[in-house]
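Numbering (my numbering), first residue to last: 399 to 1128.
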């Protein structure tokens, strides 16, 4: 070649040097080789694309393991990957040794390697030299042991029949990889095709539902439990002339039919077919037999796992209800997620019960129930089903919420503590809510269950402390007081089992903060909110979290959401949304002075984003004074109503305490040493406006604060104030 002439093409240079090019993408699992590389691999000398399994079958197994290590090291160090590889023929004999040089790259998103490199034939290293002591000259039998270890590990990790079949199809046996695979099962007195590989759809039809007495190798293997090896088509035709025409058109040269045996019982047969003659030497039969045993064990485990999943699905379908019919003015969504262990079924449940007095179309009061029976076993699932039916029966009879839970507790105690010898005491937590869709009034009875939470129309979330009793089944004579709440338009109530809160190592406090964040940030419908709650505690991405609060599935999860639809009024051609109101209502009984602390906490949560911290402290102080006055100076219970209206920065807070007392309060002028009588003075000093309204039976005292006015240090006799008051001794 003269100076200045163009250089020849790269392909021509490589061909002249007997060097082949190849490209391997682990993401697609395909290897592309040019004509020279194909020749070096023992394939026809033409450019082609083959699978990883086909490539691996041409390489010495020990060398294949060395390749994976060298590639990983080259990526880590940013160097070339160079390795010597022995090329095998169909009989497992080394036909040549080649040197591969490549530049690998790693795709972090796909988690895959891409390699482009060359193949060049080299001389076999002399035994005893440094090159001869590398892994390239490893023992052939040891390489088969390495293959069996890899195959056993892959089959052990398969969790379903489909996964087992995929692993079996990808196995590259050293030197004699089959071209076609089929797994036969047994159904009654007939063979069935569990799965196959290397065949076209429909090829299995003649072999499906074949009688066990048919003159066919797989049928004989299942009948006798002994393997059948056919090295040539002539052997197949001579031994099985009846079914030979069915196998003839596949153009295979050798077949191995091996029994799939578990615990001494033959559960099916495995066929490995080859497009080239295989002698089935003792070593080859040993490998095939070992693979068949591992395949049988894997299929047996997968079958048990699938049976458990089917049982779990059946239990869930039979025990968990479907929500319906639609409730006018309200929406309901529910989710149940089983635990990740055992039969994946436990004692959590939910239910929606139409109550007597409803219309045929589904209108009228409804009851929502959610609960958790102690334990995560079949016994817990059975008790859950019985308890759910009992609750539905008591509710359908028209009993009030407290009576429903009292009867359910007596029922559960009776069936778990009846026979002293067979007693298995269990308890269950439960939250029972009776809802009136027309008014939004909720009557709640609670038995040791987590309190419900309310997501208000503006996204604010409040826990709703409710009166409660012991878990069901502990005391057959336990009482369950009832708490009345009102669900405003646009508000959503969350009821859940402790699995949603405590999953991932959280306690009730940290778990609730996690759920509260999801509730406040969610934008969307009720079904999407239910999915977001479940996804937040154990979605796919959460399984990669590490540390003490890592998400995991150690408890069942039941979620029930009730939403009162937001109302809108049509005004001409426009639709005007109603004003957004944030409200909390709380009853403080004479016998429950400790609920004053609950009222203070509820008010602070209601005002969590109020701009003036001093105003919040003032409101909390005044509420405490007003409630204490009712409990000390009347014989009635106190009803607290607090609401916030308006846009952020210009909102109005109104707090009202109502009681059944007839005496109206009046301002007093206590001396320096007096211990009471300053209630109205505090209201006058701290509130923007305030007043006392007679209510026929009883009275209400109220005050207002305005966010735009800052500290609120001016006082006044607001509208509705009176000139003559009764005793006020807070």
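Beta carbons are placed, not taken as given, at the ideal position from N, Cα and C, and that holds for glycine. Because the structure is a prediction, the values reported are computed rather than measured.
Counting C-beta atoms within 10 angstroms of its own C-beta, residue 649 has fewer than 16 neighbours from the protein chains shown and is therefore classed as exposed.
According to the DSSP assignment, residue 518 belongs to the beta strand (DSSP E) that extends over 510-520.
Just measuring C-alpha positions, the residue of 989, 1042, 853 sitting nearest residue 1026 is 989. Close CB contacts of residue 751 within its chain, under the 6 Å cut and outside five residues either way in sequence, are with 765, 790, 793 (chain order). Taking C-beta separations shorter than 7 Å and ignoring five residues to either side along the sequence, the partners of residue 570 in its chain run 451, 454, 455, following chain order.
In the DSSP assignment, residue 453 falls outside any beta strand (DSSP E) and within the unbroken alpha helix (DSSP H) covering 450-456. Here residue 787 is exposed. Its C-beta has fewer than 16 other C-beta atoms within 10 Å. Rounded to whole angstroms, the gap between the alpha carbons of residue 753 and residue 831 is 12 Å. Residue range 799-815 is occupied by the alpha helix (DSSP H) that includes residue 809.
In this structure the region 677-691 does not touch the region 792-810; the number of beta carbon pairs closer than 8 Å is below three. Residue 621 and residue 658 have their C-alpha atoms roughly 12 Å apart. For residue 731, the secondary structure class from DSSP, reduced to helix, strand or coil, is strand. From the listed residues 630, 448, 422, 586, the smallest Cα separation to residue 511 is found for 422. Straight-line spacing of the CA atoms in residue 1057 and residue 954 works out to 43 Å. For residue 488, the CB contacts under 6 Å within the same chain, skipping 5 residues up- and downstream, are 674 in chain order. Check the Cα spacing between residue 853 and each of 501, 676, 923, 1081: the tightest is with 923. Checking the DSSP bridge columns, you'll see residue 422 partnered with 429, 513. Relative to the Cα of residue 1060, the nearest Cα in the group 1037, 1033, 1052, 1082 belongs to 1033.
The region 607-620 makes contact with the region 579-597: 3 or more CB pairs, one atom from each, lie closer than 8 Å. Boundaries of the alpha helix (DSSP H) around residue 897: 896-900. Secondary structure note for residue 1001: it is in no beta strand (DSSP E), and the uninterrupted alpha helix (DSSP H) holding it is 993-1004. For the pair of segments examined, the region 827-846 was found to touch the region 865-884: the number of CB pairs separated by less than 8 Å reaches three.
Taking the Cα of residue 825 as reference, the smallest distance to any Cα among 863, 773, 841 is reached at 773. Going by C-alpha positions, residue 815 is about 17 Å away from residue 783.
Counting along the chain, the unbroken beta strand (DSSP E) around residue 668 starts and ends at 663-672. Put simply, the region 1040-1054 touches the region 1012-1031. At least three CB pairs are less than 8 Å apart. Restricting attention to 413, 927, 755, 845, the CA atom closest to the CA of residue 795 is found in 755. The residue among 926, 838, 1045 with its C-alpha nearest the C-alpha of residue 983 is 838.
For residue 916, the uninterrupted alpha helix (DSSP H) run begins and ends at 906-919, by DSSP. With contact defined as three or more Cβ pairs closer than 8 Å, the region 894-909 and the region 1028-1047 are not in contact. Taking the C-beta atoms as reference points, residue 930 is found no nearer than 8 Å to residue 913.
In this structure, residue 696 sits away from residue 579, with a CB-CB distance that is not shorter than 8 Å. Around the beta carbon of residue 461, 16 or more other beta carbons sit within 10 angstroms, so the residue counts as buried. Between residue 728 and residue 886, the gap from beta carbon to beta carbon reaches 8 Å or more. Residues 984, 986, 1021, 1022, 1025, 1038 of the same chain have their beta carbon placed closer than 8 Å to that of residue 997, with the five preceding and five following residues left out of the count. Rounded to whole angstroms, the separation of the alpha carbons of residue 1055 and residue 995 is 15 Å.
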